[in-house]
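J.: By the numbering used here, the letter at position 93 of the sequence shown is numbered 101, and the numbering carries on one by one without gaps.
Here's a structure for you.
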Amino acid sequence: PLVFDILEAGVKNAKPDDFIVFTNTDIILAPYFYDAVIDLLQSGFDAITINRNTLSKKQISIDSLAINMVEKGRYHPGYDCLIFSVKNFKKFVNNQACIGRPAVMLGLIHNRVYFSKQMLMLKKANLTFHIGDDRSWCDHNYKDYSDFNFSEAKLGLEKLLDDTDQGINLFEYCKNKNNPERVRSQFLHKLGKTSHKML
Numbered sequence: 009p010l011v012f013d014i015l016e017a018g019v020k021n022a023k024p025d026d027f028i029v030f031t032n033t034d035i036i037l038a039p040y041f042y043d044a045v046i047d048l049l050q051s052g053f054d055a056i057t058i059n060r061n062t063l064s065k066k067q068i069s070i071d072s073l074a075i076n077m078v079e080k081g082r083y084h085p086g087y088d089c090l091i092f093s094v095k096n097f098k099k100f101v102n103n104q105a106c107i108g109r110p111a112v113m114l115g116l117i118h119n120r121v122y123f124s125k126q127m128l129m130l131k132k133a134n135l136t137f138h139i140g141d142d143r144s145w146c147d148h149n150y151k152d153y154s155d156f157n158f159s160e161a162k163l164g165l166e167k168l169l170d171d172t173d174q175g176i177n178l179f180e181y182c183k184n185k186n187n188p189e190r191v192r193s194q195f196l197h198k199l200g201k202t203s204h205k206m207l
């Protein structure tokens with residue numbers, strides 16, 4: 009499935025002032041997840057990224073997930089829970105990235121940085137969890153899908169460069185964030201703000 013096909017199907021049933029919570033199917037939400045998200049949105053954020061806490065399979069008891077959630081796992085650097093407004097989503101630059109492969113979220117991240125007025129990235133909030141760290145999306149048998157997703161992310165960046173004044177926030181994000189080099193370098197070169205060697 010394509011990530012934008014899924015999101016557009018959900019937006020059809022949303023109200024103009026609603027927010028979308030897009031989470032991978034293997035992510036466990038803390039019981040207080042939505043209360044925390046509502047508080048954050050009411051405080052003025054219009055885009056939120058929540059990084060998961062990875063729990064070891066060895067320490068997990070399915071019968072007592074509440075206890076497991078207080079265990080300190082490992083924080084995951086990837087994106088598997090994104091929150092953004094319906095209004096902003098309707099302005100996003102679309103892409104054909106497929107779910108289940110690397111870089112599927114990059115286009116969404118770049119769009120959110122570009123269009124949001126106040127974005128929050130939570131890396132250690134203990135709001136989302138994942139059991140184990142199998143990283144099935146790293147399977148090299150599907151490298152062509154991964155390469156395609158990176159290509160789609162790069163095309164999206166190029167389209168967002170039409171307005172370089174607004175794109176400067178996206179430039180700063182890409183410069184300071186550990187984005188994959190093949191997506192980042194062409195974007196930075198086109199803006200002319202820094203050189204490949206400086207990164």
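Backbone N, C-alpha and C fix where the C-beta goes; we use that ideal spot for every residue, glycine too.
In this text, all values refer to a predicted model and were calculated from it rather than measured experimentally.
For residue 45 and residue 91, which I take to be in contact (beta-carbon distance under 8 Å), what is that distance rounded to the nearest angstrom?
T.: Going by Cβ atoms, the distance from residue 45 to residue 91 rounds to 6 Å, so yes, they are a contact pair.
J.: Within the same chain, show all residues whose beta-carbon is closer than 8 Å to that of residue 52, passing over the 5 residues directly before and after it, in chain order.
T.: Excluding positions up to five away in sequence, the list reads 126.
J.: Among residues of its own chain, excluding the 5 on either side of residue 140, which ones have a beta-carbon nearer than 6 Å to its beta-carbon?
T.: Within the same chain, residue 140 has close Cβ partners 65.
J.: Determine the closest residue to residue 62 out of 101, 184, 38, with distance taken between C-alpha atoms.
T.: For the residues 101, 184, 38, the minimum Cα distance to residue 62 belongs to 38.
J.: I need the straight-line Cα distance from residue 158 to residue 110, nearest angstrom please.
T.: Those two C-alpha atoms are separated by around 8 Å.
J.: Relative to the C-alpha of residue 48, which candidate in 133, 122, 94, 151 has its C-alpha closest?
T.: Answer by Cα proximity: 133.
J.: Express the C-alpha separation of residue 169 and residue 149 in angstroms, rounding to a whole number.
T.: Computed Cα separation, rounded: 33 Å.
J.: Which one of 184, 136, 183, 155 has the shortest CA to CA distance from residue 58?
T.: Residue 136 is the option with its Cα nearest to residue 58.
J.: Whole angstroms are fine: how far does the CA of residue 183 sit from the CA of residue 205?
T.: Bear in mind that a pLDDT of 31 at residue 205, under 50, signals an unreliable position, so the model cannot answer this.
J.: Less than 7 Å between the beta carbons of residue 106 and residue 10, yes or no?
T.: Yes, the Cβ-Cβ distance between residue 106 and residue 10 is below 7 Å.
J.: In three-state DSSP terms, what is residue 30?
T.: DSSP places residue 30 in strand when its eight states are reduced to three.
J.: When you compare only the Cα positions, how much space is there between residue 190 and residue 32?
T.: Low confidence applies here, because residue 190 scores a pLDDT of 48, under 50, leaving its location unreliable and the question unanswered by this model.
J.: What would DSSP say about residue 176, mapped onto helix, strand or coil?
T.: Helix, per DSSP.
J.: Taking its Cβ as the centre, do 16 or more other Cβ atoms sit within 10 Å of residue 42, making it buried, or is it exposed?
T.: Exposed, because fewer than 16 other Cβ atoms sit within 10 Å of the Cβ of residue 42.
J.: In whole angstroms, give me the CA-to-CA distance for residue 4 and residue 119.
T.: Any answer about residue 4 is impossible in this case: the structure gives the chain only from 9 up to 207.
J.: Can you tell me whether residue 56 is buried or exposed? The criterion is at least 16 other CB atoms within 10 Å of its CB, across all chains shown.
T.: Under this definition residue 56 is a buried residue.
J.: Terminal residues of the continuous beta strand (DSSP E) containing residue 100?
T.: First-last for residue 100: undefined, no H or E at that position.
J.: Let's test the definition: count the other Cβ atoms within 10 Å of the Cβ of residue 6 and tell me whether it reaches 16, buried, or not, exposed.
T.: Examination of residue 6 is not possible in this model, given that the chain is present from 9 through 207 alone.
J.: Going by other Cβ atoms of all chains shown within 10 Å of its Cβ, with 16 needed for buried, is residue 161 buried or exposed?
T.: Label assigned to residue 161: buried.
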